[in-house]
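K.L.:
2 protein chains.
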Amino acid sequence: MSASVSPLAPKSLPEVPPVPGVAFATAEAGIRYKGRTDVLLMAFAPGTTVAGVTTRSRCPSAPVEWCRDLLKKGKASGLVVNSGNANAFTGKKGREATKLTAEIGAKALGCKPGEVFLASTGVIGEPLDATKFAGVLEATAARLSGGPWEDAARAIMTTDTFPKLATARVLIDDVPVTISGIAKGAGMIAPDMATMLSFIFTDAPIAAGVLQAMLDKAVKTTFNAVTIDGDTSTSDTLLVFATGAAKARGVRPAKDPADPRLRAFRHTLKAVMADLAEQVARDGEGARKLVRVHVNGAVSNKSARRIAMSIANSPLVKTAVAGEDANWGRVVMAVGKAGEPAERDLLSISFGAIRVAHVGARDPSYDEAVVSDYMKSDVIDLTVEIGLGRGSDTVLTCDLTKEYVAINGDYRS
Amino acid sequence: MSASVSPLAPKSLPEVPPVPGVAFATAEAGIRYKGRTDVLLMAFAPGTTVAGVTTRSRCPSAPVEWCRDLLKKGKASGLVVNSGNANAFTGKKGREATKLTAEIGAKALGCKPGEVFLASTGVIGEPLDATKFAGVLEATAARLSGGPWEDAARAIMTTDTFPKLATARVLIDDVPVTISGIAKGAGMIAPDMATMLSFIFTDAPIAAGVLQAMLDKAVKTTFNAVTIDGDTSTSDTLLVFATGAAKARGVRPAKDPADPRLRAFRHTLKAVMADLAEQVARDGEGARKLVRVHVNGAVSNKSARRIAMSIANSPLVKTAVAGEDANWGRVVMAVGKAGEPAERDLLSISFGAIRVAHVGARDPSYDEAVVSDYMKSDVIDLTVEIGLGRGSDTVLTCDLTKEYVAINGDYRS
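Residue numbers (my numbering), protein chains in the order written: chain A, 785 to 1197; chain B, 785 to 1197.
#1: Between E910/A, R1139/A, G1175/A, G1171/A, which lies nearest to S1156/A when the distance is taken from Cα to Cα?
#2: List, in order along the chain, the chain B residues whose C-beta lies closer than 8 Å to that of W1112/A?
#3: Can you give the Cα-Cα distance for D1020/A and A967/A, rounded to whole angstroms?
#4: State the DSSP-derived secondary structure class of C851/A, mapped to helix, strand or coil.
#5: Look up S1132/B in the DSSP assignment and say whether it is helix, strand or coil.
#6: Quick check on this structure: which residue in T1103/B, F828/B, A1002/B has the alpha carbon closest to the alpha carbon of G889/B?
#7: By the three-class DSSP mapping on this structure, what secondary structure does V1143/A have?
#8: Since I believe A1002/B is in contact with K1054/B (beta carbons under 8 Å), could you give me their beta-carbon distance rounded to a whole number of angstroms?
#9: If you measure beta-carbon to beta-carbon, which residues of the region 1022-1036 of chain A are closer than 7 Å to chain B?
#10: Using three-state DSSP, classify K1094/B as helix, strand or coil.
#11: What's the gap between the Cα of G819/A and the Cα of P798/B?
#12: Given a cut-off of 8 Å on the beta-carbon distance, is the pair V1035/B and V959/B in contact?
#13: Which of the three DSSP states, helix, strand or coil, is assigned to T1181/A?
#14: Which residues in the same chain as V865/A place their Cβ atom closer than 6 Å to its Cβ, once the five residues preceding and following it in sequence are excluded?
#15: If you reduce the DSSP assignment to three classes, tell me which class V907/B lands in.
#16: Determine the direct distance from the alpha carbon of A1104/B to that of A974/A, and round the result to whole angstroms.
#17: At a CB distance below 9 Å, what residues from the region 847-874 of chain B approach chain D? Give them in sequence order.
#18: Quick check on the DSSP output: what are the complete alpha helix (DSSP H) runs of length 4 or more inside the region 957-1028 of chain A, in order along the chain?
#19: Measure the Cβ-Cβ separation of V800/B and L949/B and say whether it is below 8 Å.
#20: For T943/A and chain B, any beta-carbon pair shorter than 8 Å?
#21: Cβ of T1027/B within 8 Å of Cβ of V806/B?
#22: Should V789/A go down as buried or exposed, given a rule of 16 or more other Cβ atoms within 10 Å for buried?
#23: Per the DSSP calculation, T838/B is bridged to which residue(s)?
#24: What would DSSP say about E1108/A, mapped onto helix, strand or coil?
#25: Let me know if G878/B comes out buried or exposed under the rule of 16 or more other beta-carbons within 10 Å of its beta-carbon.
#26: For a test of the three-state rule: what should DSSP assign to M1159/A, helix, strand or coil?
#27: Quick one: using the 10 Å Cβ neighbour count with 16 as the cut-off for buried, is R842/B buried or exposed?
#28: Could you check how far apart the C-beta atoms of V834/B and F1025/B are, in whole angstroms? I think they sit under 8 Å.
#29: Taking only runs that begin and end inside the region 908-942 of chain B, name each unbroken alpha helix (DSSP H) of 4 or more residues, in chain order.
#30: Using 8 Å as the limit for Cβ to Cβ distance, is S1245/A near chain B?
#31: Is E1169/A helix, strand or coil when you go by DSSP?
#32: Between T1178/A and H1078/A, how many whole angstroms is the CB-CB distance? I'm expecting something under 8 Å.
#33: Check the Cβ-Cβ distances between M980/A and every residue of chain B, and say whether any is below 8 Å.
#34: Let me know if K857/A comes out buried or exposed under the rule of 16 or more other beta-carbons within 10 Å of its beta-carbon.
#35: Here's the rule I'm using: 16 or more other beta-carbon atoms within 10 Å means buried, otherwise exposed. How should T1018/A be labelled?
#36: Exposed or buried, what is T962/A when buried is set at 16 or more other beta-carbons lying within 10 Å of its beta-carbon?
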């Protein structure tokens, strides 16, 4: 595991206030790690709605399948998250473990197992011994409180080098409501899987369907626009819970996706998601630089996304950034291999504000020294103008360093 | 540049006999490297036919566009290959450079520029100064001979750690004909591009269209089944030249793709291509292990190829192999992210002959020690049974080591 905190980590953790209707506590269930918390138990006020997005993997983990099933109802009473074991590729045993975990959680919280959401992150293929939760969750339920949120963020970490939290306030019916979230990033420690888990909470009263529509739209440009190494986890899970507690303060429930009162909320939710997603990129294994890949002038936004991902996932581009080398030739290569409409003689490429290539050739004003100096920055903006249309997109990634290989390949030595 | 020869290099170079109708010589044009040959000039007997396959990149190099144009005629009199500069993303200047190179080559060989094929590998985005070829190619033309082939293989190397040659003999009309080839691999040294170049030669008399049909089929399971890091070069070029010199020994020209006399030739050509392709994988930057990814039971061969490529290009799978870790969980992840039909509960995964996962869970007989011992081998066979159909495929790759990052990211330090 990478011992030191990522140099790209936020300088300080945000002050996250309690979210009315949300109580939680953490514990050490000893799933895999020793001397640290590895389970998070949360309880939600009656009437809490939920929306979610899960991995696109064709081999999802047992908890992912469990959540997909529960999301159909859109009602949540509790959440149990464990780190240390992903309960993925565990077959029938895995499904039994999720059922047992939900039953133990429901007993501890005094609710139905069908309203207890689950997420697991950690080693894959190892059966998860859910019996370990038995005593633990009941004891944890006795300690439920509205904070501190850092404890929640820490309990779900695997190889993350820092806890990930974000919070914001926004007005609905002139009443301030809170949106707060935690995430764990694509940190990996063999034999663990990369997994992105994020849980967001608000006291706003919003119908599940409305929440889901907002989430589906916001995830495209936030969590789905982050790639560390192009490897999709079996367990990625993003859940948003709305307790509705703000009703007591006069906020009328939002049941219509077109409800104009949600405009500010929608933007704020997206901002919180973008904040957490960027923290995930800033904590990519071995990351020394945050890379923002901007693609403009593609034939469509979809095409721009594919080109941006081709660049962001290119080992050659990522190693060049690690080497502080403005190697735009590799960007050309990555554009070319994306399989999307692109014409060499229309391409322009910039690093930061410095245009290095223009209409199919090196920029006449190219000055290696100036660009090399820019490449020393912590955050690299890489912009490609395709020159064919009006499609654009931005993707976040990090550089590819020896540390990445060490984290993912060296643990046996 | 990686100084030492890849541990996966063949123990010895093959004895490559002259190919009747092919003469060549190498020289130092001083394009980029010092103290080594960087240009290869070849002359072909009158009536030589040619077929070719070039990169799928949407941003091909100027020489690639030149070759595509000439391939329409299917006639070749000469070939000029240089290392040190790829003449890619060089715009109008690049097109002028190819034209001038072909003219200089044609003058040296006494043929038409439109029959001189070109390939360049090396730095991208730098204008190629073709005037450097002027005196050089004429002097080189005076030294043309049938060997030694190692010189030809060495002149086209960039960061390859060993020259790549292959040769075979096969009977047509009971007359032995030769098939010999050279290749340069996906070695990279910043700011160079990864580029795969391969040139294959035979004295068999085969019509260009027939040769092209054979090549198109054979490339799918050979060169196109190799991936080092999923990064497609702007310059990949594979050309096959048939001089027809064997006619003098009684071989009748093959003008029909269905000609039964070509059956053995077709298989032998494919074998030579497979040999060269494997040498490319064995010389991947930083490679310490050759990985053969086998996928069976997919819904189609196309689907099997996509799943195999998803595994072979996964940084997590490749770093696990580098760490000698039989991390089949990451293989599950790579199958899952391929986006092809796959069901966790039908998957089986083997490393070598050891089945580690079966029908959606860890194999009951799983023994970490036994598998870890297997992972110490130079060549790792990774087999995935999808269990849905009859589609199968095999892809070659190598592991992802710190050396790869060093070669591609460290050159500035």
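Beta carbons: idealized from backbone N, C-alpha and C, even for Gly.
P.N.:
In terms of the structure at hand:
#1: The count along the first sequence starts at 1 and reaches residue 1156/A at position 372. Per the Cα distances, R1139/A.
#2: In the first sequence, counting from the first residue as 1, residue 1112/A sits at position 328. Ordered by position in chain B, the residues that pass the 8 Å Cβ test against W1112/A are G909.
#3: Sequence index remark: in the first sequence, residue 1020/A carries index 236 (1-based). Sequence index remark: in the first sequence, residue 967/A carries index 183 (1-based). Taking the straight line joining both Cα atoms gives about 11 Å.
#4: Sequence index remark: in the first sequence, residue 851/A carries index 67 (1-based). Looking at C851/A - three-state DSSP - the assignment turns out to be helix.
#5: Counting from 1 along the second sequence, the entry for residue 1132/B is found at position 348. Strand.
#6: On the second sequence, residue 889/B is found 105 positions in, with the first residue counted as 1. Nearest option by C-alpha distance: F828/B.
#7: As a working mapping, residue 1143/A is identified with position 359 in the first sequence. Coil, per DSSP.
#8: For the purposes of this step, residue 1054/B is taken as the residue at position 270 of the second sequence. For the purposes of this step, residue 1002/B is taken as the residue at position 218 of the second sequence. Confirmed, about 4 Å.
#9: none
#10: On the second sequence, position 310 is the one that residue 1094/B refers to. As written in the sequence, residue 1094/B is Ser, which differs from the Lys given in the question. Helix, per DSSP.
#11: Residue 819/A sits at position 35 when you count from the first residue of the first sequence. Residue 798/B sits at position 14 when you count from the first residue of the second sequence. Rounded to whole angstroms, G819/A to P798/B spans 59 Å at the Cα level.
#12: Reading the second sequence from its first residue, position 251 is the one you call residue 1035/B. Reading the second sequence from its first residue, position 175 is the one you call residue 959/B. Yes, the pair counts as a contact, with Cβ atoms nearer than the cut-off.
#13: Walking along the first sequence from the start, residue 1181/A turns up at place 397. Of the three classes helix, strand and coil, the one that applies to T1181/A here is strand, per DSSP.
#14: Translated into positions along the first sequence, residue 865/A becomes position 81. Excluding residues within five positions, the ones whose Cβ falls inside 6 Å are L824, A903, I940.
#15: Mapped onto the second sequence, residue 907/B falls at position 123. Strand, per DSSP.
#16: Position 190 of the first sequence, counted from the first residue, corresponds to residue 974/A. Position 320 of the second sequence, counted from the first residue, corresponds to residue 1104/B. Only weak support is given to the placement of A974/A: the predicted model assigns it a pLDDT of 30, under 50, and the value that follows is read from those uncertain coordinates. Approximately 8 Å between the Cα atoms of the pair.
#17: Absent from the structure: chain D. Protein chains present are A and B.
#18: 992-1004
#19: Within the second sequence, residue 800/B is the residue found at index 16, counting from 1. Within the second sequence, residue 949/B is the residue found at index 165, counting from 1. Going by C-beta atoms, V800/B is nearer than 8 Å to L949/B.
#20: For the purposes of this step, residue 943/A is identified with residue 159 of the first sequence, where counting begins at 1. So, not an interface residue.
#21: As a working note, residue 1027/B is residue 243 in the second sequence. As a working note, residue 806/B is residue 22 in the second sequence. Yes, the pair counts as a contact, with Cβ atoms nearer than the cut-off.
#22: Here residue 789/A is taken as the residue at index 5 of the first sequence, counted from 1. It counts as exposed.
#23: Locating residue 838/B in the second sequence gives position 54, where the first residue counts as 1. Answer is T1021/B.
#24: Residue numbering aside, residue 1108/A sits at position 324 when the first sequence is read from its first letter. Here E1108/A sits in coil by DSSP.
#25: Your numbering for residue 878/B matches position 94 in the second sequence. That one is buried.
#26: Translated into positions along the first sequence, residue 1159/A becomes position 375. M1159/A: coil per DSSP, three-state reduction.
#27: The count along the second sequence starts at 1 and reaches residue 842/B at position 58. Buried is the call here.
#28: By one-based count along the second sequence, residue 834/B stands at place 50. By one-based count along the second sequence, residue 1025/B stands at place 241. Indeed, because the Cβ distance is near 5 Å, the residues count as touching under 8 Å.
#29: 917-925, 933-939
#30: Limits of chain A in this structure are 785 at one end and 1197 at the other, which puts residue 1245/A out of reach.
#31: Here residue 1169/A is taken as the residue at index 385 of the first sequence, counted from 1. Looking at E1169/A - three-state DSSP - the assignment turns out to be strand.
#32: Along the first sequence, read from residue 1 onward, the residue named residue 1178/A stands at position 394. Along the first sequence, read from residue 1 onward, the residue named residue 1078/A stands at position 294. Between H1078/A and T1178/A the Cβ distance is about 5 Å, and since that is below 8 Å, they are a contact.
#33: For the purposes of this step, residue 980/A is taken as residue 196 along the first sequence, with counting starting at 1. No, because no Cβ of chain B sits closer than 8 Å to the Cβ of M980/A.
#34: Counted from its first residue, the first sequence places residue 857/A at position 73. So K857/A ends up on the exposed side.
#35: Position 234 of the first sequence, counted from the start, is the residue given in the question as residue 1018/A. By the neighbour-count rule (16 or more Cβ atoms within 10 Å), T1018/A is buried.
#36: Here residue 962/A refers to the residue found at position 178 of the first sequence. With 16 or more Cβ atoms within 10 Å of its Cβ, T962/A is classed as buried.
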